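A short worksheet on the structure shown next.
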Amino acid sequence: MSQFPLLFTSGEVQRLVGVSQRQLTYWDQSALISPHGRDSAGRGSHRLYTVVDVVCLKTIRRLRESGISLQKIRSAMKFLSDLPDEPVPLAELEVVTDGNTILVVRSDASLVEVPTGQMVLRLPLSTLLSEVQQSIGVDLLAGSTASAPATLRTN
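Okay, structure coming up:
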């Protein structure tokens, strides 16, 4: 038996995600995200959200906190749901933003700009540092401090 419920009520989602009932209702009514457990069926009905819905709502909330407009988020969510080779996009992808542009790190580690679909170069600097350290056989960060940068001695 799972330790997590398969479905969450609106109240549980509000606590998990950190949004108000008004936001949940608006996002549902504006077709940004609708609950997949049980949709609203009129006044007094109870919405039920899945775990994937909660992840999606947390993503939306964080993008809003980063200054991304709901219009851009809506476009991004549409783009993500249309990705043919990502069956559960928000469970498998990483979303990155600078407050203006939304980028998605795909499961194959490539970067895609949303919603244009343009591929973006992803160059993890820590990987490059590791390659350099391995090539020269020196740990460049060992014992270094902000006031005393590590130096490389050559013979």
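For reference, each letter of the sequence shown is one residue, going 1 to 155 in our numbering. Built from N, CA and C at the ideal position, the CB exists for glycine as well. Everything numeric in this text was worked out from a predicted model, so none of it was measured.
- The Cβ neighbour count for Arg15, taken over all protein chains shown within 10 Å, is under 16; the residue is labelled exposed.
- In the DSSP assignment, Leu111 falls within the beta strand (DSSP E) that extends over 111-114.
- Counting along the chain, Val52 sits inside the alpha helix (DSSP H) bounded by residues 51-65.
- From the listed residues Ile102, Gln21, His46, the smallest Cα separation to Ser66 is found for Ile102.
- Residue environment: Ile136 is assigned as exposed (fewer than 16 neighbouring CB atoms within 10 Å of its CB, all protein chains considered).
- Taking C-beta atoms as the reference points, Gln21 and Ser34 fail to come closer than 8 Å.
- About 7 Å separates the CB atoms of Gly99 and Ile68; that is less than 8 Å, so the two are in contact.
- Around the beta carbon of Leu80, a 10 Å sphere encloses 16 or more other beta carbons of the protein chains shown; the residue is thus reported as buried.
- Inter-residue distance for Ser126 and His46 is about 47 Å (C-alpha atoms, whole angstroms).
- If you draw a straight line from the Cα of Asp139 to the Cα of Val105, it comes to about 29 Å.
- Excluding the 5 residues flanking it on each side, Val13 has same chain C-beta neighbours closer than 7 Å at Leu24, Tyr49, Val54, Leu57, in chain order.
- Thr59 and Val95 have their alpha carbons spaced roughly 8 Å apart.
- A distance below 6 Å between beta-carbons, with the five flanking residues on each side excluded, links Asp28 to the following residues of its chain, in chain order: Ser34.
- Per DSSP, the beta-bridge partners of Val105 are Glu94, Leu111.
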